[in-house]
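Presented below is the structure to which this report refers.
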Amino acid sequence: GAVVSQHPSRVICKSGTSVKIECRSLDFQATTMFWYRQFPKQSLMLMATSNEGSKATYEQGVEKDKFLINHASLTLSTLTVTSAHPEDSSFYICSAGWPSRSGNTIYFGEGSWLTVV
Amino acid sequence: GIQVEQSPPDLILQEGANSTLRCNFSDSVNNLQWFHQNPWGQLINLFYIPSGTKQNGRLSATTVATERYSLLYISSSQTTDSGVYFCAPSGAGSYQLTFGKGTKLSVIP
Chain A
13 GAVVSQHPSR VICKSGTSVK IECRSLDFQA TTMFWYRQFP KQSLMLMATS NEGSKATYEQ
73 GVEKDKFLIN HASLTLSTLT VTSAHPEDSS FYICSAGWPS RSGNTIYFGE GSWLTVV
Chain B
14 GIQVEQSPPD LILQEGANST LRCNFSDSVN NLQWFHQNPW GQLINLFYIP SGTKQNGRLS
74 ATTVATERYS LLYISSSQTT DSGVYFCAPS GAGSYQLTFG KGTKLSVIP
């Protein structure tokens with residue numbers, strides 16, 4: 013079935029550096045992918061919609077210059093956290109839709125734990 | 014956007030017990046999914062259920078779209094069922110899901 017893969021699963025970086033997280037659709041093409049952020053013991057909050065070949069659409073309150081999203085191909089979207097700070101430490105997870113007979117099922121990557129020290 | 018309310022927020026079960034989790038949503042939806050998030054953060058898709066009833070082993074789900082709610086049933090619960098269960102609907106023609114706050118389930122031996 014459809015699978016979405018995310019890498020890395022865990023990353024620790026120093027404050028002020030940048031970190032890139034990849035999201036791949038493994039056996040289907042995804043023109044749209046989504047990036048979510050989840051703080052401890054909270055729900056998933058949509059950060060942005062990644063559109064292949066065009067600019068990402070960011071949710072209100074999400075800094076587009078800080079969270080750079082690139083969707084250069086139909087199977088890959090990347091999220092780069094620039095000039096990371098400890099408050100950026102969080103769980104980041106991506107998703108992509110798989111159109112099936114029963115509708116548009118959404119699949120999620122494994123998620124990435126980011127710790128900024 | 015769609016508002017999603019899940020209840021109860023927390024649930025503790027003895028192993029073997031049954032439970033029902035509820036999800037209310039504010040608008041018409043074309044997609045609704047239930048997810049289980051394990052302690053490592055991984056989201057597992059349980060059901061795609063915009064309407065009707067589906068069953069998968071000990072789990073089943075029912076969505077009554079006209080009344081804007083969905084239910085997730087867990088029977089004969091096991092410790093491995095522990096985690097957070099999220100309900101996430103989306104609007105017409107959209108892959109964008111809106112997540113409820115989840116129900117944290119703890120199954121104790």
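If you read the sequences in order, they're chains A and B.
Under the working numbering, the residue at position 25 of the first sequence is numbered 37, and the numbers go up by one with no gaps.
Under the working numbering, the residue at position 104 of the second sequence is numbered 117, and the numbers go up by one with no gaps.
All C-beta atoms, glycine included, are put in the ideal place defined by N, C-alpha and C.
Neighbourhood of residue i by C-beta, 6 Å cutoff - its chain only, sequence neighbours within 5 removed
i: residue 90 of chain A; result: 32, 34, 82
Proximal residues to residue i (C-beta, below 7 Å), its chain only, five neighbours per side dropped
i: residue 115 of chain B; result: 19, 97, 98, 99
i: residue 218 of chain A; result: Shown here, chain A extends from 13 to 129; a query on residue 218 of chain A therefore has no answer.
i: residue 14 of chain B; result: 111
Beta-carbon spacing of residue i, residue j below 8 Å
i: residue 42 of chain A; j: residue 80 of chain A; result: no
i: residue 39 of chain B; j: residue 68 of chain B; result: no
i: residue 73 of chain B; j: residue 79 of chain B; result: no
i: residue 128 of chain A; j: residue 27 of chain A; result: yes
i: residue 61 of chain A; j: residue 109 of chain B; result: yes
i: residue 45 of chain A; j: residue 108 of chain A; result: yes
i: residue 103 of chain A; j: residue 50 of chain A; result: yes
i: residue 152 of chain A; j: residue 38 of chain A; result: Since the displayed chain A opens at 13 and closes at 129, residue 152 of chain A lies outside it and no answer follows.
i: residue 45 of chain B; j: residue 63 of chain B; result: yes
i: residue 119 of chain B; j: residue 25 of chain B; result: yes
i: residue 29 of chain A; j: residue 96 of chain A; result: yes
Other residues of its chain near residue i: CB distance less than 8 Å, five sequence neighbours each side excluded
i: residue 50 of chain B; result: 56, 57, 96, 97, 98, 99, 115
i: residue 82 of chain B; result: 35, 36, 37, 38, 76
Within-8 Å CB hit, residue i to chain B
i: residue 47 of chain A; result: no
i: residue 65 of chain A; result: no
i: residue 122 of chain A; result: yes
i: residue 105 of chain A; result: yes
Closer than 8 Å to chain A by CB, residue i
i: residue 110 of chain B; result: yes
i: residue 61 of chain B; result: yes
i: residue 46 of chain B; result: yes
i: residue 29 of chain B; result: no
i: residue 16 of chain B; result: no
i: residue 56 of chain B; result: yes
i: residue 115 of chain B; result: yes
i: residue 99 of chain B; result: yes
Residue i in three-state terms, based on DSSP
i: residue 43 of chain A; result: coil
i: residue 29 of chain A; result: coil
i: residue 94 of chain B; result: helix
i: residue 101 of chain B; result: strand
i: residue 64 of chain A; result: coil
i: residue 23 of chain B; result: strand
Nearest-angstrom Cβ-Cβ length linking residue i and residue j, presumed shorter than 8 Å
i: residue 101 of chain A; j: residue 18 of chain A; result: The pair is not a contact, with the Cβ atoms about 17 Å apart (cut-off 8 Å).
i: residue 27 of chain B; j: residue 87 of chain B; result: Wrong, their Cβ atoms sit about 13 Å apart, outside the cutoff.
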